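Going by numbering that gives the first Met the number 0, 43 is the number at position 44 of the sequence shown; the sequence numbering is gapless.
Just below is one structure, and these are the notes that go with it.
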Amino acid sequence: MKIDYMKQFVLCVMVLLSGTLMSQSLNQFDSDGNRHGKWKKNFEGTQVVRYEGEFSHGKEIGLFKFYKNVKGKPVLTATRQFHENDDLAEVKFYTSEGQVISEGLMRGRTYIGPWKYYHNKSKQLMTLEHYNSRGMLEGERFVYYPNGQIAEQSMYKDNKLHGKALWYTEEGVLIKEYIYNMGELHGQAKFYDKSGTMVAEGVYRNDKKHGIWKYYEDGKLSEEKDFTVRSKNPYKKK
Numbered sequence: 000m001k002i003d004y005m006k007q008f009v010l011c012v013m014v015l016l017s018g019t020l021m022s023q024s025l026n027q028f029d030s031d032g033n034r035h036g037k038w039k040k041n042f043e044g045t046q047v048v049r050y051e052g053e054f055s056h057g058k059e060i061g062l063f064k065f066y067k068n069v070k071g072k073p074v075l076t077a078t079r080q081f082h083e084n085d086d087l088a089e090v091k092f093y094t095s096e097g098q099v100i101s102e103g104l105m106r107g108r109t110y111i112g113p114w115k116y117y118h119n120k121s122k123q124l125m126t127l128e129h130y131n132s133r134g135m136l137e138g139e140r141f142v143y144y145p146n147g148q149i150a151e152q153s154m155y156k157d158n159k160l161h162g163k164a165l166w167y168t169e170e171g172v173l174i175k176e177y178i179y180n181m182g183e184l185h186g187q188a189k190f191y192d193k194s195g196t197m198v199a200e201g202v203y204r205n206d207k208k209h210g211i212w213k214y215y216e217d218g219k220l221s222e223e224k225d226f227t228v229r230s231k232n233p234y235k236k237k
């Protein structure tokens, strides 16, 4: 009996000591006042963890976890896996059920490179877009239906639509085609029904319809409209 009692006593002491040592090793600073070692912070006035991770002389290293306070319990909301040799982090955002909402690279709060967004309660890709070094949308952007078919395909430059943009049905039929110039419709536009038959076509100039637009019924030309803007003749009598 004495031996069992002593074992229990020693175990309790070891648990207390390990807890004390752990608390002493958390949230430390180096000689220059920079955060160093493992850090863990709670929501103010609570014992609910807000984030946890490790610093090396003020620089985040390894995996950081971020939580939200849900009825007094920490729920994982994001992770950041920091790179050792640069200032980028692999970031993931989560639902309350642990499903990944989106993922990609960040520099501080700036999105960098390709970013993926997923359909609700699904691992199916919903949106794929690309950001330049300044956090601006650049290059191709895709939107997908839940079945994986492309819904939208477009190009961006400095956060603005620039170039050809296409829209599809869930069966993959092209239904709309635009050309953009720095965020404005500028160029040929075509529209199709769900069977792929053309219903209208024309040109946009500076975000407005311009010139002759053609409209079709059952694939045959049914109407033409002239959207050419003509300057007024100041000498013409009213």
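Heads up, the beta-carbon is just placed ideally off N, CA and C, and yes, glycines get one too.
Source: prediction; values computed, not measured.
Between which two residues does the beta strand (DSSP E) holding R108 run?
The residue you call residue 108 lines up with position 109 of the sequence shown. Run containing R108: none; DSSP gives neither H nor E here.
N26 versus E53, E139, F42, residue with shortest Cα-Cα distance:
Position 27 of the sequence shown, counted from the start, is the residue given in the question as residue 26. N26 has its Cα closest to that of E53, out of E53, E139, F42.
Would K213 pass as a contact of G201 if the rule is Cβ separation under 8 Å?
Looking up residue 213 in the sequence shown gives position 214. Looking up residue 201 in the sequence shown gives position 202. In contact: K213 and G201 (Cβ atoms closer than 8 Å).
Unbroken beta strand (DSSP E) runs of length 3 or more, entirely within the stretch 156 to 229: which are they?
162 to 167, 173 to 180, 186 to 191, 197 to 204, 207 to 216, 219 to 225
What is the DSSP secondary structure of F8, counted as helix, strand or coil?
Along the sequence shown, read from residue 1 onward, the residue named residue 8 stands at position 9. Any reading at F8 must be qualified, since the residue scores a pLDDT of 45, below 50, and its modelled position is unreliable; the value itself is stated next. In this structure, F8 counts as helix in the three-state DSSP scheme.
The beta strand (DSSP E) spanning K37 covers which residue range?
The residue given as residue 37 occupies position 38 in the sequence shown. That run of the beta strand (DSSP E) goes 34 to 41.
Cutting at 7 Å between CB atoms, please list the residues of its own chain near T94, excluding the five before and the five after it.
Sequence index remark: in the sequence shown, residue 94 carries index 95 (1-based). I100.
Can you tell me which of the three DSSP states S153 falls into?
Translated into positions along the sequence shown, residue 153 becomes position 154. Correct three-state label for S153: strand.
From the DSSP output, in three-state form, read off S24 for me.
Here residue 24 is taken as the residue at index 25 of the sequence shown, counted from 1. It is helical.
Closer than 7 Å by C-beta to S22: which residues in its own chain qualify, once you throw out the five before and the five after it? Chain order, please.
Taking the first residue of the sequence shown as position 1, residue 22 is located at position 23. Model confidence at S22 stands at a pLDDT of 48, short of 50, so the residue's coordinates are unreliable and nothing is read from them.
Taking the alpha-carbon positions, what's the S24 to A77 distance?
Position 25 of the sequence shown, counting from 1, holds the residue named residue 24. Position 78 of the sequence shown, counting from 1, holds the residue named residue 77. Approximately 24 Å, taken between the alpha carbons.
Where does T94 sit, in a helix, a strand or coil, going by DSSP?
By 1-based counting over the sequence shown, the position of residue 94 is 95. T94 falls in the coil class under three-state DSSP.
Could you compute how far the alpha carbon of V14 sits from the alpha carbon of N33?
Position 15 of the sequence shown holds residue 14. Position 34 of the sequence shown holds residue 33. For V14, the pLDDT reaches just 39, beneath the cut-off of 50, and the residue's location in the model is therefore unreliable, leaving the point undetermined.
Using beta-carbon positions only, say whether Y143 and Y130 come within less than 8 Å of one another.
Position 144 of the sequence shown holds residue 143. Position 131 of the sequence shown holds residue 130. Cβ distance not < 8 Å, so Y143 and Y130 don't count as in contact.
So, is V90 buried or exposed, given that buried needs 16 or more other C-beta atoms within 10 angstroms?
Within the sequence shown, numbered from 1, the residue matching residue 90 stands at position 91. Answer is buried; the Cβ neighbour count reaches 16.
How many angstroms separate the CA atom of R106 from the CA atom of L87?
Position 107 of the sequence shown holds residue 106. Position 88 of the sequence shown holds residue 87. In a straight line, the C-alpha of R106 is about 5 Å away from that of L87.
Does DSSP put N68 in a helix, in a strand, or in coil?
Along the sequence shown, one-based indexing puts residue 68 at 69. Of the three classes helix, strand and coil, the one that applies to N68 here is strand, per DSSP.
Per-residue DSSP class, three states only, for R49
Counted from its first residue, the sequence shown places residue 49 at position 50. Strand at R49.
Among residues of its own chain, excluding the 5 on either side of H35, which ones have a beta-carbon nearer than 8 Å to its beta-carbon?
To locate residue 35, count along the sequence shown from 1; it is residue 36. Here the set comprises Q27, F28, D29, F54, S55, H56, G57.
Per-residue DSSP class, three states only, for L87
Counted from its first residue, the sequence shown places residue 87 at position 88. Reduced to three states, the DSSP call for L87 is coil.
Buried or exposed: where does K224 fall if 16 or more other Cβ atoms within 10 Å of its Cβ makes it buried?
By one-based count along the sequence shown, residue 224 stands at place 225. Classification for K224: exposed.
Under the three-state reduction of DSSP, which class applies to Q148: helix, strand or coil?
Taking the first residue of the sequence shown as 1, we reach residue 148 at position 149. Q148 falls in the coil class under three-state DSSP.
Applying the criterion that 16 or more other CB atoms from any shown protein chain within 10 Å of the CB defines a buried residue, is I178 buried or exposed?
The residue given as residue 178 occupies position 179 in the sequence shown. Looking at its Cβ environment, which holds 16 or more other Cβ atoms inside 10 Å, I178 is buried.
Just the C-alpha distance for T196 and V228, rounded to the nearest angstrom, thanks.
On the sequence shown, residue 196 is found 197 positions in, with the first residue counted as 1. On the sequence shown, residue 228 is found 229 positions in, with the first residue counted as 1. For T196 and V228, the distance between alpha carbons rounds to 29 Å.
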